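Chains as they are written, first to last, in the working numbering: chain D, 1 to 253; chain Y, 254 to 506.
Dropping the structure here:
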């Protein structure tokens, strides 16, 4: 049973300040919870699940009794962030992240300068996961990874890709030898450029792009060429990220 | 002033059956309406705008008096589909579409087999616009272009890219010489394949992919290779479309 206090507590975690105060976040839905359980490195503080979910999964669950809370479907609805609540919701401890020096030095990383849309951030985490990118760095103006909508949109990628908030200056001071690439509208045509197999790819805000300061501090400027007869102003930020990551990856293989 | 009947009528256009019955759809927001006015080929049946919008735009507007309805911000809110209503909303006649034979024969087109998410469809229309693709074909199971959320997400691309509902069989009978490419998980690695500069690229449903029937009828199977250390199951459908279109376009340039 969910006590009133527990309902209040879980609902309060929709707000960033409450997630940070309690050092936890919400992960919802069968697929994401399944991945959490398999992964095993992230601590589950509370698992709120319907009777039918528990019946199917209990034999393999290694949780303390007080961690697991059985609820009805309407009980789940009272704490869910989904339009169609999905059997199980976990309150999860925020992991301690540590930058893997070697993968930043020798692989591709992303730097998000102000990505705001939760769906875009989640989709970018999925792209990073697909292409084996370990680190997504971001400026202070970027969306919070632990927003329930972002966690949902990552489809579990948050378990494998690290999201670090760090200023671009601090990042490049830590990794002075890693080339930096700004994705801009007036850069070099990626169809005709050879990209280094390592680097930090910078993606800008959905409306404003990358800040001038960061563009000027980055070493290279690249662009996805549009067809000559196009009328479009821009590509969606996550789509542009996907295309650029694919071209970097092509160089690596 | 918006009459009660007019409010009811505009609200009714959120439903596909009502859009079809009246042969109109809604386009909302300053940017999209601006593009509609500049484009000039699509008939605006009704323009509902705030006083401040009208004051700025009236000198250049060539609309009949009965077409333009001045509203307050709360009046606009009563008919808007946006969380933050945006000064102007148009009721627009659905255009008569005609397949441009030459561009299907010699360029790249898309076939969407059951894309369901309005945001994905809008984003795919934007991708097509960027890469100069004239035609996005779709199966009956695909989302409706004239859903207000889709129109919004296209950012105006619906003015330049045609969306046709047609069975895959009918399409390939009309264009027997155009190669067809299914985007699947077990296709040829696009990093190592040479793609024809013309073709029909098939994108499947977000969850289920392309139907077996269509895969078996298409000539080529292609995939976006994942990193060997990846944990991801899939890329978002619009992101995959963007990556594949970029690789096709690279071959054309």
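Using N, Cα and C, we set each Cβ at its ideal position, and we do this for glycine too.
Note that the coordinates shown come from a computational prediction; the quantities given were computed from them, not determined experimentally.
Margin query: On the DSSP letters alone, give me the boundaries of the beta strand (DSSP E) that residue 278 of chain Y sits inside.
Written below: Here the beta strand (DSSP E) through residue 278 of chain Y covers 277-281.
Next item on the list: Flag residue 82 of chain D as yes if its beta-carbon sits less than 8 Å from any beta-carbon of chain Y, otherwise no.
Entry: Contacts with chain Y at 8 Å (Cβ-Cβ) do not include residue 82 of chain D.
Next item on the list: Output the residue ranges of the alpha helix (DSSP H) runs that lie fully inside the region 380-432 of chain Y and measure 4 residues or longer, sorted by chain position.
Entry: As for any alpha helix (DSSP H) of minimum length 4 sitting wholly inside the region 380-432 of chain Y, the runs are 401-407 and 421-427, ordered along the chain.
Checklist line | Classification of residue 199 of chain D by the beta-carbon crowding that lies within 10 angstroms, buried from 16 upward | finding: Classification for residue 199 of chain D: buried.
Margin query: Can you look up residue 457 of chain Y in the DSSP assignment and give me helix, strand or coil?
Written below: In the three-state scheme derived from DSSP, where H, G and I count as helix and E and B as strand, residue 457 of chain Y is classed as strand.
Margin query: To be precise: take each residue of the region 374-385 of chain Y, compare its Cβ to all Cβ atoms of chain D, and keep it if any distance is under 8 Å. Which residues remain?
Written below: Listed by position, the residues of the region 374-385 of chain Y near chain D (Cβ gap below 8 Å) are 376, 379, 380, 382, 383, 384 and 385.
Margin query: Please list, in chain order, the chain Y residues whose beta carbon lies closer than 9 Å to that of residue 203 of chain D.
Written below: In chain Y, no part has a C-beta under 9 Å from the C-beta of residue 203 of chain D; the shortest such distance is about 13 Å.
Item checked: Start-end ranges of the alpha helix (DSSP H) lying completely within the region 71-114 of chain D, minimum 4 residues -> You should have 73-77 and 101-106.
Margin query: I want to verify the contact list: residues of chain Y whose CB lies under 9 Å from the CB of residue 248 of chain D, in sequence order.
Written below: In chain order: nothing, as chain Y lies at least about 11 Å away.
Next item on the list: Give the single residue among D:231, D:201 and D:169 whose Cα lies nearest to the Cα of residue 213 of chain D.
Entry: Put simply, of D:231, D:201 and D:169 the residue whose alpha carbon is nearest the alpha carbon of residue 213 of chain D is D:169.
Next item on the list: Give a yes or no on whether the C-beta atoms belonging to residue 297 of chain Y and residue 343 of chain Y are separated by under 8 Å.
Entry: Yes, the pair counts as a contact, with Cβ atoms nearer than the cut-off.
Check: Which of the residues in the region 469-484 of chain Y, read from start to end, lie with their CB under 8 Å from any CB of chain D?
Finding: For the region 469-484 of chain Y, which is checked against every Cβ of chain D, the residues closer than 8 Å are 477, 478, 479, 480, 481, 482, 483 and 484.
Margin query: Excluding the 5 residues flanking residue 379 of chain Y on each side, which residues of the same chain have their C-beta closer than 7 Å to its C-beta?
Written below: For residue 379 of chain Y, where only same-chain residues beyond five positions count, the Cβ hits under 7 Å are 407, 408 and 410.
Next item on the list: Name, please, each residue of chain Y whose Cβ falls closer than 7 Å to the Cβ of residue 199 of chain D.
Entry: Per Cβ cutoff of 7 Å: no residues; residue 199 of chain D is ~15 Å from chain Y at best.
Margin query: Let me make sure I understand the geometry here. Which of Y:414, Y:329, Y:480 and Y:364 has the alpha-carbon closest to that of residue 349 of chain Y?
Written below: It is Y:414.
Next item on the list: With distances taken Cα to Cα, identify the nearest neighbour of residue 301 of chain Y among Y:254, Y:499 and Y:449.
Entry: The shortest C-alpha separation from residue 301 of chain Y is found at Y:254.
Next item on the list: Report the residue from D:134, D:62 and D:13 whose alpha carbon sits nearest the alpha carbon of residue 34 of chain D.
Entry: Answer by Cα proximity: D:62.
Notebook entry, point to check: Cβ of residue 85 of chain D within 7 Å of any heavy atom in the ligand ZN?
Noted result: Annotation note on the ligand ZN: not contained in the displayed structure, which lists no ligands.
Notebook entry, point to check: What does DSSP give as the partner residues of residue 181 of chain D in its beta bridges?
Noted result: Answer by DSSP bridge pairing, in chain order: D:201 and D:220.
Note to self: Against residue 235 of chain D, what residues of chain Y qualify as contacts under a CB-to-CB distance less than 7 Å, listed in chain order?
What the structure shows: By Cβ distance, chain Y contributes 379, 380, 383 and 495.
Notebook entry, point to check: Assuming residue 254 of chain D contacts residue 37 of chain D under a Cβ cut-off of 8 Å, what Cβ separation, rounded to an integer in Å, is found between them?
Noted result: Limits of chain D in this structure are 1 at one end and 253 at the other, which puts residue 254 of chain D out of reach.
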